[in-house]
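Trainee:
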Amino acid sequence: NAGVTQTPKFQVLKTGQSMTLQCAQDMNHNSMYWYRQDPGMGLRLIYYSASEGTTDKGEVPNGYNVSRLNKREFSLRLESAAPSQTSVYFCASRAGDTEAFFGQGTRLTVV
Amino acid sequence: DAKTTQPNSMESNEEEPVHLPCNHSTISGTDYIHWYRQLPSQGPEYVIHGLTSNVNNRMASLAIAEDRKSSTLILHRATLRDAAVYYCILRPWWDGNKLVFGAGTILRVKS
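As they're listed, the protein sequences go chains B and R.
Just so we're aligned: the first sequence equals residues 1 to 111 in the numbering used here.
Just so we're aligned: the second sequence equals residues 1001 to 1111 in the numbering used here.
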C-alpha cells in the first residue's frame, strides 16, 4: 500500500547544482502537487497538476520547473539550486474533490 | 482567494475536548472548508471537510457557522497523538484542484 512515494528522502546540494525530485502515486489520482515547508512554517504551494499533461503555478513557483510525466509521476526540478531553496518538499495527490494524500517529504539542504 | 485566520497555538489536556477555530470572513458561497493536520516530521493528513452543514467522521467533527464566516474543528477526546499542526483551508470553487495552506494552529496536548 505505497500511496505517494518521494525520492530521495534526503539530499545535500551545492549552490548552482541541479536536481530533480521524484514523486509517484499508485492511487490513479488526477491531481498532483508540490509544496515546500521551511522550518517552523506552513506549506507553500509551488506547482500543481490537475491532470496528465497540465501544470499550473502555485504561490512560489520561481526557481522551479515541473513535469507531469504521466498520470503516476510528477517531478520537480531545481535548475540552479540556491540556499533559499533549503526546505522540506512534499508531494501530494488527490482524486477530484476527495482528500489529498501526502508523501513523507524530501529534506533538501543547499550549501 | 479567500483567506483563513487561525490562532498560532493552543493547548489542551489529554482526554478533554478541543475546539480549534478558523475564521474565513471572505469565504465565497461555494468554497469548501478543509482541515488537515501534520504530525511531527510527517506529511499532512486529511481530517475532514464540509460546505454548509456540520460534518462528523471517525477523527473529528466540523462545525460551520450559519453565515459560513467561521468554522470549528472539534476533537472529542484529545490524545497525545493528536499533538500536531492543524490547517484550515478553503478550496475555491473555480479551481477545485488548488489547495493552499496557511500557517495553521500548533496544538499541544498535556498528559
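Idealized CB from N, CA, C, for every residue including glycine.
1) Would a C-beta distance cut-off of 8 Å place Leu-13(B) and Leu-76(B) closer than the cut-off?
2) Would you kindly check if the distance between the Cβ of Ala-1063(R) and the Cβ of Ser-1057(R) is under 8 Å?
3) Under the three-state reduction of DSSP, which class applies to Pro-83(B): helix, strand or coil?
4) Distance check for Glu-1066(R) and Thr-86(B), CA to CA, integer angstroms please.
5) Using a Cβ-Cβ cut-off of 8 Å, state whether Gly-42(B) counts as contacting chain R.
6) Does any residue of chain B bring its CB to less than 8 Å from the CB of Tyr-1046(R)?
7) At 3 residues or longer, and completely inside the stretch 2-77 of chain B: list those beta strand (DSSP E) runs for me, N to C.
8) Between Tyr-48(B) and chain R, is the shortest Cβ-Cβ distance under 8 Å, so that the two count as touching?
9) Excluding the 5 residues flanking Arg-1091(R) on each side, which residues of the same chain have their C-beta closer than 6 Å to its C-beta?
10) Buried or exposed for Ser-1071(R), going by 16 or more other Cβ atoms inside 10 Å?
11) Counting beta carbon pairs with one atom in the stretch 1071-1091 of chain R and one in the stretch 1005-1016 of chain R, are three or more of them shorter than 8 Å?
12) Which residues in chain B have a C-beta closer than 9 Å to the C-beta of Val-1100(R)? List them in chain order.
13) Under the DSSP definition of a beta bridge, which residues are partnered with Ser-1071(R)?
14) Kindly indicate the opening and closing residues of the beta strand (DSSP E) around Ser-1012(R).
15) Would you please verify whether the beta carbon of Gly-1050(R) is less than 8 Å from any beta carbon of chain B?
16) Note down, in chain order, all residues in the stretch 1008-1029 of chain R with a beta-carbon under 7 Å from any beta-carbon belonging to chain B.
17) Going by beta carbon distance, what residues of the same chain come within less than 6 Å of Met-32(B), once the five residues before and after it are set aside?
18) Against chain B, does Ala-1103(R) count as a neighbour if the rule is that its beta carbon must be under 8 Å from one of theirs?
Mentor: Looking at the atomic coordinates:
1) No, these two residues do not count as a Cβ contact at 8 Å.
2) Strictly speaking, residue 1057(R) in this sequence is Asn, with Ser absent from that position. At least 8 Å separates the beta-carbon of Asn-1057(R) from that of Ala-1063(R).
3) For Pro-83(B), the secondary structure class from DSSP, reduced to helix, strand or coil, is helix.
4) Cα to Cα, the separation comes out at about 42 Å.
5) Taking Cβ atoms only, chain R reaches closer than 8 Å to Gly-42(B), which makes this a yes.
6) Against chain B, the CB of Tyr-1046(R) has a partner CB under 8 Å away; the residue lies at that interface.
7) The qualifying runs are 4-7, 10-13, 19-25, 31-37, 43-49 and 65-68.
8) For Tyr-48(B), the answer is yes, since a Cβ of chain R falls inside 8 Å of its Cβ.
9) Taken in chain order, the residues that qualify are Tyr-1032 and His-1034.
10) The residue is buried, with at least 16 neighbouring Cβ atoms inside 10 Å.
11) Touching, yes, given that three or more Cβ pairs across the two stretches are closer than 8 Å.
12) Ordered by position in chain B, the residues that pass the 9 Å Cβ test against Val-1100(R) are Leu-43, Arg-44, Leu-45, Gly-58 and Glu-59.
13) Note: Ser-1071(R) sits in a beta bridge opposite Cys-1022(R) and Ile-1064(R).
14) In the DSSP assignment, Ser-1012(R) falls within the beta strand (DSSP E) that extends over 1009-1013.
15) Gly-1050(R) does not count as touching chain B.
16) From the stretch 1008-1029 of chain R, no residue has a Cβ closer than 7 Å to chain B.
17) Correct list, in chain order: Ser-49, Phe-74 and Ser-93.
18) Under the Cβ criterion of 8 Å, Ala-1103(R) is counted among the residues facing chain B.
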